[in-house]
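**Student:** Protein chains in written order, with numbering that gives the first Met the number 0: chain A, 0 to 160; chain B, 0 to 160.
Positions of the beta carbon are idealized from the N, C-alpha and C atoms, including for glycine.
Keep in mind that this is a model prediction, so the values were computed, not measured.
Protein chains: 2
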Amino acid sequence: MKISAQEEYGLRCLVQLATLEENESLTLPQIAEREGISQANAGKLMWLLSKAGFVRATRGTKGGYVLSRPAGEIRLNEVIKILDADEISNHCESYTGVLDSCVHKGDCGIRPVIVGLHEIVQEALSNITLAQLVGDEAKVDATFHQIKRFERKIGQENLRH
Amino acid sequence: MKISAQEEYGLRCLVQLATLEENESLTLPQIAEREGISQANAGKLMWLLSKAGFVRATRGTKGGYVLSRPAGEIRLNEVIKILDADEISNHCESYTGVLDSCVHKGDCGIRPVIVGLHEIVQEALSNITLAQLVGDEAKVDATFHQIKRFERKIGQENLRH
DNA sequence: CTCAATCTTGATAAAAAAGTAATGATTTGC
DNA sequence: GCAAATCATTACTTTTTTATCAAGATTGAG
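#1: Could you say which of L132/B, L129/B, S49/B, N40/B lies nearest to G96/A if we only look at CA atoms?
#2: Skipping 5 residues on each side, what residues in its chain have a beta carbon closer than 6 Å to that of A70/A?
#3: Going straight from the alpha carbon of D106/B to that of R11/A, what length do you get?
#4: Pull up the distance between the alpha-carbon of I81/A and that of R74/A, whole angstroms please.
#5: Would I109/B pass as a contact of M0/A if the rule is Cβ separation under 8 Å?
#6: With C-beta atoms as the reference, is V114/B less than 8 Å away from L13/B?
#7: Just the C-alpha distance for S93/B and D83/B, rounded to the nearest angstrom, thanks.
#8: Check whether the stretch 115 to 123 of chain A touches the stretch 51 to 71 of chain A, counting contact only when three or more Cβ pairs, one atom from each stretch, lie closer than 8 Å.
#9: Using 10 angstroms around the beta-carbon of H144/A, count the other beta-carbons present and answer buried if the total reaches 16, otherwise exposed.
#10: Since Y161/A is in the beta strand (DSSP E), which residue starts that stretch and which ends it?
#11: Nearest to L48/B by CA position, among R33/B, L27/B, G59/B, is which residue?
#12: Taking just the CA atoms, how far does G9/B sit from G9/A?
#13: At 7 Å on the CB atoms, spell out the chain B contacts of T2/A, in chain order.
#14: Quick check: is the beta carbon of E34/B nearer than 8 Å to any beta carbon in chain A?
#15: Please check if any C-beta of chain A sits within less than 8 Å of the C-beta of F53/B.
#16: Kindly give me the distance between the Cβ atoms of N89/A and S125/A, rounded to whole angstroms, as I take these residues to be in contact under 8 Å.
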């Protein structure tokens, strides 16, 4: 249960675009430099994000990438879904061991946990927009404070049954 | 942000042990068969879980694996931590792109999100014990209901600001 | 004591993910 | 129209993760 390289870097590239003023844009070499990744890698990530409609690319001199929607309207759950090729729906087709289908097909005690966990993460991510990730660490951390506090409360309630 | 094969299968092997009565145990071939994975793979997983102290192994005829603690006292966050070689602490050393250290070292808008997300997942996992995963899907799903409801509430509150 | 059942462990192979390279297409400026 | 800048796309290489294999160690039964 960890974030993949593609998710991490893709998200960071988007955040770079979110910091731009109106009429500004970033080219692949610029994005690559700002995130410390290769231009080729940035190219692939931006291609993915472009296909998915998060960014708009223009070619030629003065070209580059811009967000296709305001940063405040792009929620992390959408972004992660694209970057992770996320398909919880076919979870049961993914981990079938040496067999053709999962041994627990039909009645499975693990599935609700996997699905539930996925929902929890999605829920948390859907409460964060790109715009909220712009700024210094202290500011972003503050934005998270609320969610964390809620989570802690849940934990305690559950422990008490 | 998805569960890895090792997490999934390792957890499932543990759940198998959790279903046992007192004085029962399972051998590698048995575990492998019940989870539809190869014996070699089961062996490696159980070795990991054994090293981490979740299970106790006995060799020789009549040998096998048993949980080393009651299923109700084994929380999923501990298990996942082992199976995932989970180290959120060195996240910033993991995604450094082509550089030696992350370009955002010191002040990073993404870090609070990654760390926060990790905490949310850990919190959710720490509320689930192995014992709660034993039984049919409907039962396990019911156990999750409470957490899910809470999550939904959080989502709404945050959308309202 | 010896054998068969069983776990242990490091080496190896296969699969998946990540990253790179190369070639092609579009746009702008001159 | 041509050249330079820029994105698009596919194929390839490397790295990491998964899975398997094989030889070793321990235990219990007879």
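**Tutor:** To lay it out plainly:
#1: Your numbering for residue 96/A matches position 97 in the first sequence. Per the Cα distances, N40/B.
#2: Residue numbering aside, residue 70/A sits at position 71 when the first sequence is read from its first letter. Contacts found: A17, L129, A130.
#3: Taking the second sequence and counting its residues from 1, one reaches residue 106/B at position 107. Taking the first sequence and counting its residues from 1, one reaches residue 11/A at position 12. Distance between the alpha carbons of D106/B and R11/A is about 13 Å.
#4: Here the question's residue 81/A lines up with position 82 in the first sequence. Here the question's residue 74/A lines up with position 75 in the first sequence. Computed Cα separation, rounded: 12 Å.
#5: Residue mapping note: residue 109/B aligns to position 110 of the second sequence, counting from 1. Residue mapping note: residue 0/A aligns to position 1 of the first sequence, counting from 1. Cβ atoms of I109/B and M0/A: not closer than 8 Å.
#6: Looking up residue 114/B in the second sequence gives position 115. Looking up residue 13/B in the second sequence gives position 14. The answer is no: Cβ separation not under 8 Å.
#7: To locate residue 93/B, count along the second sequence from 1; it is residue 94. To locate residue 83/B, count along the second sequence from 1; it is residue 84. C-alpha separation (whole angstroms): 14 Å.
#8: no
#9: As a first step, residue 144/A must be located in the first sequence, where it is residue number 145. Exposed is the call here.
#10: In the structure as shown, chain A begins at 0 and stops at 160. Residue 161/A is therefore absent and cannot be evaluated.
#11: Taking the first residue of the second sequence as 1, we reach residue 48/B at position 49. Closest option to L48/B, Cα to Cα, is L27/B.
#12: In the first sequence, the residue the question calls residue 9/A occupies position 10. In the second sequence, the residue the question calls residue 9/B occupies position 10. When rounded, the distance between both Cα atoms is 30 Å.
#13: Translated into the one-based positions of the first sequence, residue 2/A becomes position 3. In the sequence on display, residue 2/A carries Ile and not Thr. Under the 7 Å cutoff, chain B gives M0, I113.
#14: As a working mapping, residue 34/B is identified with position 35 in the second sequence. Yes, E34/B lies at the interface with chain A (some Cβ there is under 8 Å from its Cβ).
#15: Reading the second sequence from its first residue, position 54 is the one you call residue 53/B. Cβ-Cβ to chain A under 8 Å: no for F53/B.
#16: For the purposes of this step, residue 89/A is identified with residue 90 of the first sequence, where counting begins at 1. For the purposes of this step, residue 125/A is identified with residue 126 of the first sequence, where counting begins at 1. Wrong, their Cβ atoms sit about 21 Å apart, outside the cutoff.
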